């Protein structure tokens, strides 16, 4: 799985960004408050259709903008390129995988598995059994999609 191209529009403080990550390791460098975490959050959002930082979509849409848009091309293990896209306004979502509209988050997550390690990840150790099971369920889902 490889993120070949990413376009971010109106996501947090990122107005219009286009990236072409390389295979392997990509370093994200920048000053404080320059959008490094927002970039990672956008990638996570594209896979999970939710943020690891907030539950409110209004926090994600750049100020005074009507919507956010995330578009990516993913290269599969079979070297197929699959386009993914999300357009989200304050009251409506449009999600597409391979140019087809989808209704279930699992449809996009199956194509683009993303796991974030962030400040709340310590809950895997200190949190409830329910939180640990959710984390394991997410990992197992990518091995057995029907899970």
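Numbering (the working numbering), first residue to last: 11 to 157.
The beta-carbon is built from N, C-alpha and C at its ideal position, and this holds for glycine as well.
Keep in mind it's a predicted model, so treat the numbers as computed, not measured.
Where residue i falls, given that 16 or more other Cβ within 10 Å makes a residue buried
i           : result
residue 37  : exposed
residue 101 : exposed
residue 5   : The chain is shown only over 11 to 157; residue 5 falls outside these bounds and no answer can be derived.
residue 118 : buried
residue 57  : buried
residue 63  : buried
residue 178 : The shown model of the chain, from 11 to 157, leaves out residue 178, and the question about it has no answer.
Extent of the continuous beta strand (DSSP E) run through residue i
i          : result
residue 92 : 91-99
Same chain, Cβ closer than 7 Å to residue i, five either side skipped, listed in chain order
i           : result
residue 40  : 46
residue 109 : 93
Contact set for residue i: own chain, Cβ-Cβ below 6 Å, skip 5 residues either direction
i           : result
residue 17  : 28, 81
residue 107 : 94, 117, 118, 121
Host alpha helix (DSSP H) of residue i (start-end)
i           : result
residue 117 : 115-121
residue 135 : 133-136
Own chain residues within Cβ distance below 8 Å of residue i, not counting five before or after
i           : result
residue 111 : 104, 105
Residues that DSSP places opposite residue i in a beta bridge
i           : result
residue 112 : Answer is none; residue 112 lacks a bridge partner.
residue 19  : 26, 79
Report the start-end ranges of each alpha helix (DSSP H) in the region 21-104 that is 4 residues or longer and not cut off at the edges. 46-58, all fully within the region 21-104.
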